[in-house]
Every structure is written in C-alpha cells, then in structure tokens.
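Data first, discussion second: the structure below is written as structure tokens.
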Amino acid sequence: MEVDLTPALAQGGRGGKEVMKELKFLFAVWQANLQSLMEYRVSFLTQVIGMMLNNFIYFAIWIIFFDRFKEVRGWGISDMYITFGILASAVGLAELLFGNAFTLSEIINQGRLDYYLSLPRPVLLHAISSRTIAAGMGDFTYGFVSYALSGQFSWDGLLRFVLAMLLAAIIFTAFIVLIQSLAFWMGIISNLTSLAFNAIVTFGIYPITLFDNYAKLILFTVIPAAFVGAIPAEFIREFTWRTLAELLVGAVGFLFIALTIFRLGLKRYESGSAIQIEV
Amino acid sequence: MKTFKKYWAIFQITLVNSLAYPGELIGRSLLIVPFMWIFYQLWKVTFSAAGSDAINGMTLYSTMWYLMMAETIELSRPALARTISDNVKDGSIAYLLNKPYNFLLYQFSNSIGETIFRALVNAIFGGVIVWWLVGPPPAPIGWLFACLAIFGTWVLNFCITCLIGLSAFLVEDVSPFMWIYQKLIFILGGFLIPLDFYPGWLQVIAKALPFSAMIYGPSKLFVSPSIGLFANVLLMQSLWIIALGATLIISYRRGVAYLTVNGG
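Chains B and S, in that order, give the protein sequences. Counting along the first sequence from 1, when you hit position 96 you're at 96 in this note's numbering, and nothing is skipped either side. Adding 1000 to a residue's 1-based position in the second sequence gives its number in this note's numbering.
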C-alpha cells in the first residue's frame, strides 16, 4: 500500500517556514531595540557598567561571608561564583531579549495589548520582545566573568554554562510571564510581581543546601529558584543526564504553563482602545 | 513657626495618603517575610557549623533581630531619587519650584510622611516572623534608642537619594547610582551581614562611612543598647548630615541655575 506523504510534508514545510518567518521577525525586533538603545550610547554604557559594578559589590558580601565562615553545608565561595554567575547571565539574557516581560502586567492593565493584537504576529512573543533593558547587558556579561573567576573554569564547562543559561533564561522568563499574566484576573499586581521577582532572584543565589525538603519543593515549583541557580550550577560543575533532564523538563513545563495562563487570560482581556499609542 | 506649620501640613497629607491604599502598604511589606525566613536558614546553619552559640558577641537570636531592624529600615526607604530624577527629566520640577515652599524641605516632608507607616508595617511583619523563629524581641530600651537613631537614618538617606535624584541635571539616567548606593548600604551598612562578622580592617572603614550609621548603628542599638553606642551613632549621623546636607544645598542651587525648561 502506498501512502501519499505530500500533504504531510507540505504541512511540515509550511510549519518550518512559519517558524523561520517568526524568527526573522524576532531578530528584526531585537535589531530595532538595539538601534534604539544605541541612540543613547552614554546612557547604555552607564547602565551596563553600573550593573556590573552593582553585581560586583553585591557579590562582595558573599566573599566576606565565606572568608569568615568558609563553607555552608558543603557550599563554598567557588560554588557561589558559579551560582551567582548563571543567575546573572540568565536574568540578563531575559532582560535583553524579553524586556517587556517585566512590565507585561502594566501593558495588560493599560490596554496596550491592543497594539500587538492588531498585528499579524504572535501577541505574547511580539509584546515581550519589544523592549530591551540595557542593564541586562551588564548582568549578562557579569555572569561570564563570575564563572571565569570561580576557579572551576573549563572549555566544556563554558559550553554547559551557555546551555544552562539558555534553559535557565527560558524558565525565568516563563515564570515572570506567568506571574505578570495574572493581571488578566487580578488587575494591578505590582506588589505581587515585585515579590515574585525578588523571591526568585534572592532564593536563586542562596546555597540550596540551606533548605529542608519542604522548602526545596517550593523552590522547584511555586518559586522555581532552584532551576535558575542551584540546578544549572550543578550542571555546569559536572555533566549529568539527571540535571540536564531536570532543566529541560523545567523549561518545557514552565513554558507550557506560562503560555497556557497567558492564552486563558487573553480571553478576558478588555481593549483599552489604545492601538495608536504604542511606540 | 509658620514655615514649620507648612511643612508639617505636607508631612501630614503624605502620611494620610500612605494609608489610602492599605492593600498596597501590606503587600509591599510582605517581602520582609521570605527574607527573614532565608536569613534564619542561613544563620541557623552557620551558627550550627561554627559549633558556638555566640560569634563575635552575636547570637542567632541577636543576629535575627538585628537583621529584622536592618530590613525594616532598608525596605521602608521611599523611591525619592527616581521621583526627583523624573521631575527633572520631564520638566515637572518647574511646577514645584514656583510654589511657595522650599523644594528640598517639601521633598523631605513628603519622604518622611511616606516612610513612617511603611516602616511600621515592615516592623510588624518582620517582628512577628522573627518572634516566631527565635523568640520575643529585645528590651524596650533598644526600641527607644533604635527609633531615635532611625530618624537620623531617614535624614541621611534623604540627603543621599536627593543628591542622586538631582544628578539627573547632569546625566540621562540615575538608576546605576541608585543600584550602587543600595549595594553600598548592603555591604558597608551591614544590611545582610552584621559588621561584627567583618574582618577588623573592613569594620574600621565601614564604621567611618555614613552607611553604617544608617543601618548598623540603629540595628545594633536595637539588640545591644548602650549609652556609649547611642552617643557614637548620633555623633556619626550628625557629622554626615552636616557634610551631606551642605553638599545637597550647594548641588541644588547649582542644579536650579543650570535648569532649562522648555514648553509650558
């Protein structure tokens, strides 16, 4: 029996073309964001250098702590360099590529999604990628510097760092989108979004060995800090299929939940008649 | 007296305004709860690993109450630098300058009015969780000394954040200065780790700077009150208020002379 695969192949081809089209569009948006930033070069450089300095001073606290207490349940300063580094780079990448994710709830509440809804592009992707946070470049770069200073640098480790950073950035962005999308139901949620952001960043930096099993459960689910700090750090130190699987499952799972919540919320969206004001 | 009444009225209006959205006030203060919980986990393990009840005169109990006070002070700070910087950048400062009050005193009355209930609610949430974790708060004299010193902290914070906000006269974006100021508070103020745990040389440097008089001073007074420490904290705060206050007044006068407002 012969099976005609032409329609399926054609559909697959169309799917591939669609993905390429969206990727091209995404790169064009990022390029426009970059050009917009370059209009204010001094401001851009001030923010990048300022953020790197800010991270360095913040990390100095851990240097002082581990200089005095040496280690906390097996975690030393070297582990902190890697954890801090991966978290900084992942957050930085999210800020660079999806800057509007951090203010998505404001966009929803102010009716500014109208602009994105009126264009033939994926609404969420277009909305969150339409802004680049300049300081993200400082975070992104600092993460690599922190890894290089950890004393555990290796070239294969660097590859793992890049892979772990990409997956951690997906989880981090998905978590931020998920929380910000609650604005569809709850309205103004600036306190909640600020709490969630501070919680994931703060918990992400702390040694995972500090927490008991109940706390760890929270750090893998409600506030997925372990996925952007401790687990990627473990993966960078030593490749294991288990940590890679954990990161992949985390990335796919949180991405799915975030997209579902946003889609469900979008059905409740009320127009702000603001098609013209988004620039 | 009439002048004082004017600023007192501004202070009262902001104070009442800060209560207009209790949900916002409470929601903002909830942040202290997870922070205190993380600190407890960290310091419990650290004291346990050190195998000692006291490290450099601090116990787990005093460290937790110290951190509660430090968090309360830091989390209650209003975003004054951003407000002033926005005023400068969008030109709305012009509407404030032509009013019959001094711009700096107006901002000061505003910022104190904004801070008081925020600090109170933070102290309540932080106090409840720390009480639950390590036991009841220190002696009432500690509260008294700390409250007096916290006022000095607010004045110092006003001087520094106002200076950062006014720097918008010269630079496009003041955010990096805010981040770095916050991190200097973290590290040299003893916000995340009490200065008692620092190496000696760093303690000497930190204690000579205003940041320790803003965070470490009031927090330490809270857990280990003494007349000597109280006098020392007040002296350091006074010296830095004079120095930073004078710098602020000079910078403000120069900034206003430099100001160009377009449009109407």
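Heads up, the beta-carbon is just placed ideally off N, CA and C, and yes, glycines get one too.
Query raised in the report: Looking at C-alpha atoms only, which residue of B:36, B:48, B:146, B:19 is the closest neighbour of residue 1174 (chain S)?
Result: Taking the second sequence and counting its residues from 1, one reaches residue 1174 (chain S) at position 174. Ranking the options by Cα distance to residue 1174 (chain S), first place goes to B:48.
Query - C-beta neighbour in chain S for residue 191 (chain B), strict 7 Å - result: If you number the first sequence from 1, residue 191 (chain B) lands on position 191. For residue 191 (chain B), the answer is yes, since a Cβ of chain S falls inside 7 Å of its Cβ.
Report task. Under 7 Å between beta-carbons, which chain S residues line up against residue 133 (chain B)? List them in chain order, please. Result -> Locating residue 133 (chain B) in the first sequence gives position 133, where the first residue counts as 1. Those do not exist, as residue 133 (chain B) stays about 10 Å from chain S at its closest Cβ, beyond 7 Å.
Query raised in the report: Taking Cβ positions only, does residue 1203 (chain S) come closer than 7 Å to chain B?
Result: In the second sequence, the residue the question calls residue 1203 (chain S) occupies position 203. Taking Cβ atoms only, chain B never reaches closer than 7 Å to residue 1203 (chain S), which makes this a no.
Requested in this report: List the residues of chain S that residue 64 (chain B) touches, going by C-beta distances under 8 Å, in chain order.
Outcome: Your numbering for residue 64 (chain B) matches position 64 in the first sequence. The answer, in chain order, is 1187, 1193, 1197, 1198, 1199, 1202.
**Report entry** residue 260 (chain B) burial status per 10 Å Cβ neighbour count (16 or more: buried)
**Finding:** Against the first sequence, residue 260 (chain B) aligns to sequence position 260. The residue is exposed, with fewer than 16 neighbouring Cβ atoms inside 10 Å.
Report task. Could you check the C-alpha separation between residue 1250 (chain S) and residue 112 (chain B) for me, to the nearest Å? Result -> For the purposes of this step, residue 1250 (chain S) is identified with residue 250 of the second sequence, where counting begins at 1. For the purposes of this step, residue 112 (chain B) is identified with residue 112 of the first sequence, where counting begins at 1. When rounded, the distance between both Cα atoms is 43 Å.
**Report entry** Straight-line gap, residue 1258 (chain S) to residue 1246 (chain S) (C-alpha atoms, nearest Å)
**Finding:** If you number the second sequence from 1, residue 1258 (chain S) lands on position 258. If you number the second sequence from 1, residue 1246 (chain S) lands on position 246. Residue 1258 (chain S) and residue 1246 (chain S): Cα-Cα distance of roughly 18 Å.
Query - residue 1055 (chain S) - partner residues in DSSP beta bridges - result: Here residue 1055 (chain S) refers to the residue found at position 55 when the second sequence is read from its first residue. BP columns for residue 1055 (chain S) point to S:1058.
Requested in this report: Look at the alpha carbon of residue 28 (chain B) and the alpha carbon of residue 1155 (chain S), and state the distance between them as a whole number of angstroms.
Outcome: For the purposes of this step, residue 28 (chain B) is identified with residue 28 of the first sequence, where counting begins at 1. For the purposes of this step, residue 1155 (chain S) is identified with residue 155 of the second sequence, where counting begins at 1. Going from the Cα of residue 28 (chain B) to the Cα of residue 1155 (chain S) covers about 48 Å.
Requested in this report: Look up residue 1174 (chain S) in the DSSP assignment and say whether it is helix, strand or coil.
Outcome: Here residue 1174 (chain S) corresponds to residue number 174 of the second sequence, with the count starting at 1. It is coil, neither helix nor strand.
Query raised in the report: Would a check of beta-carbon distances place residue 1174 (chain S) closer than 7 Å to chain B?
Result: The sequence position of residue 1174 (chain S) within the second sequence is 174, counting from 1. Chain B, which has no Cβ nearer than 7 Å to the Cβ of residue 1174 (chain S), makes this no.
Report task. Out of S:1024, S:1063, S:1054, S:1199, point me to the one whose CA is closest to residue 1130 (chain S)'s CA. Result -> Indexing the second sequence from 1 puts residue 1130 (chain S) at position 130. Of the candidates S:1024, S:1063, S:1054, S:1199, the one whose C-alpha sits nearest the C-alpha of residue 1130 (chain S) is S:1063.
Query raised in the report: Residues in its own chain within less than 6 Å of residue 1113 (chain S) by CB, not counting five upstream and five downstream?
Result: Numbered from its first residue, the second sequence carries residue 1113 (chain S) at position 113. Closer than 6 Å at Cβ, skipping near neighbours: 1011, 1014, 1015.
Report task. Run the proximity test for residue 1022 (chain S): is its beta-carbon closer than 6 Å to any non-hydrogen atom belonging to the ligand HEM? Result -> Inclusion of the ligand HEM in the displayed structure is not the case, the ligand content being empty and no account of it being possible.
Requested in this report: Under 8 Å by Cβ, that's how I've got residue 206 (chain B) and residue 146 (chain B) pegged, so tell me the actual separation to the nearest angstrom.
Outcome: Here the question's residue 206 (chain B) lines up with position 206 in the first sequence. Here the question's residue 146 (chain B) lines up with position 146 in the first sequence. Going by Cβ atoms, the distance from residue 206 (chain B) to residue 146 (chain B) rounds to 16 Å, so no, they are not a contact pair.
Report task. Compare the C-beta of residue 1096 (chain S) against all C-beta atoms of chain B and say whether one is closer than 7 Å. Result -> Residue mapping note: residue 1096 (chain S) aligns to position 96 of the second sequence, counting from 1. Cβ-Cβ to chain B under 7 Å: no for residue 1096 (chain S).
Query raised in the report: In terms of alpha-carbon separation, which member of B:57, B:179, B:216, B:202 lies closest to residue 193 (chain B)?
Result: The residue given as residue 193 (chain B) occupies position 193 in the first sequence. The residue with the shortest Cα to Cα distance from residue 193 (chain B) is B:179.
**Report entry** Neighbourhood of residue 1050 (chain S) by C-beta, 6 Å cutoff - its chain only, sequence neighbours within 5 removed
**Finding:** Counted from its first residue, the second sequence places residue 1050 (chain S) at position 50. So no residue of the chain qualifies.
Query raised in the report: Which stretch, first to last residue, makes up the alpha helix (DSSP H) that contains residue 1098 (chain S)?
Result: For the purposes of this step, residue 1098 (chain S) is identified with residue 98 of the second sequence, where counting begins at 1. Segment: none, residue 1098 (chain S) is in no alpha helix (DSSP H) and carries neither H nor E.
**Report entry** Separation of residue 241 (chain B) from residue 235 (chain B), as counted between CA atoms
**Finding:** Locating residue 235 (chain B) in the first sequence gives position 235, counting from the first residue. Locating residue 241 (chain B) in the first sequence gives position 241, counting from the first residue. One C-alpha to the other measures close to 9 Å.
Requested in this report: For residue 203 (chain B), return the contacting residues in chain S, with the cut-off set at a CB-CB distance below 9 Å.
Outcome: The residue labelled residue 203 (chain B) in the question sits at position 203 within the first sequence. 1034, 1038, listed in chain order.
Query raised in the report: Nearest to residue 1085 (chain S) by CA position, among S:1164, S:1217, S:1214, S:1221, is which residue?
Result: The sequence position of residue 1085 (chain S) within the second sequence is 85, counting from 1. The shortest Cα separation from residue 1085 (chain S) among S:1164, S:1217, S:1214, S:1221 belongs to S:1164.
Query raised in the report: Quick one: which chain B residues come within Cβ less than 7 Å of residue 1041 (chain S)?
Result: Here residue 1041 (chain S) is taken as the residue at index 41 of the second sequence, counted from 1. Per Cβ cutoff of 7 Å: 210, 211.
Query raised in the report: Using DSSP with H/G/I as helix, E/B as strand and the rest coil, what is residue 222 (chain B)?
Result: On the first sequence, residue 222 (chain B) is found 222 positions in, with the first residue counted as 1. Residue 222 (chain B): coil per DSSP, three-state reduction.
Report task. Could you list which residues in chain S have their beta carbon closer than 9 Å to that of residue 53 (chain B), in chain order? Result -> By one-based count along the first sequence, residue 53 (chain B) stands at place 53. Residues of chain S passing the Cβ test: 1176, 1179, 1180, 1183.
**Report entry** Neighbourhood of residue 1126 (chain S) by C-beta distance below 7 Å, restricted to the same chain and skipping five residues each side
**Finding:** Start at 1 with the first residue of the second sequence, and residue 1126 (chain S) comes out as number 126. These residues qualify, in order along the chain: 1032, 1036, 1068, 1071, 1072.
Query raised in the report: Cα-Cα, which of S:1228, S:1227, S:1236 is closest to residue 1209 (chain S)?
Result: Here residue 1209 (chain S) refers to the residue found at position 209 of the second sequence. For the residues S:1228, S:1227, S:1236, the minimum Cα distance to residue 1209 (chain S) belongs to S:1236.
Report task. Closer than 8 Å, Cβ to Cβ, to anything on chain B: give me those residues from the region 1119-1142 of chain S, in chain order. Result -> none
Query - Span separating the alpha-carbon of residue 67 (chain B) from that of residue 156 (chain B) - result: Translated into the one-based positions of the first sequence, residue 67 (chain B) becomes position 67. Translated into the one-based positions of the first sequence, residue 156 (chain B) becomes position 156. Near 29 Å, if we compare the C-alpha coordinates of residue 156 (chain B) and residue 67 (chain B).
Query raised in the report: Residue range of the alpha helix (DSSP H) that residue 1252 (chain S) falls in?
Result: Your numbering for residue 1252 (chain S) matches position 252 in the second sequence. First-last of the alpha helix (DSSP H) with residue 1252 (chain S): 1227-1258.
Report task. With distances taken Cα to Cα, identify the nearest neighbour of residue 1042 (chain S) among B:208, B:63, B:190, B:201. Result -> Against the second sequence, residue 1042 (chain S) aligns to sequence position 42. That would be B:208, whose Cα lies nearest to the Cα of residue 1042 (chain S).
Report task. List the residues of chain B that residue 1028 (chain S) touches, going by C-beta distances under 8 Å, in chain order. Result -> One-based indexing of the second sequence puts residue 1028 (chain S) at position 28. Simply 191, 194.
Query raised in the report: Between residue 206 (chain B) and chain S, is there a C-beta pair that is closer than 7 Å?
Result: Residue numbering aside, residue 206 (chain B) sits at position 206 when the first sequence is read from its first letter. Closer than 7 Å to some Cβ of chain S, the Cβ of residue 206 (chain B) qualifies, so yes.
Query raised in the report: So, is the C-beta of residue 260 (chain B) closer than 7 Å to a C-beta in chain S?
Result: Indexing the first sequence from 1 puts residue 260 (chain B) at position 260. Answer no: the Cβ-Cβ gap between residue 260 (chain B) and chain S never drops below 7 Å.
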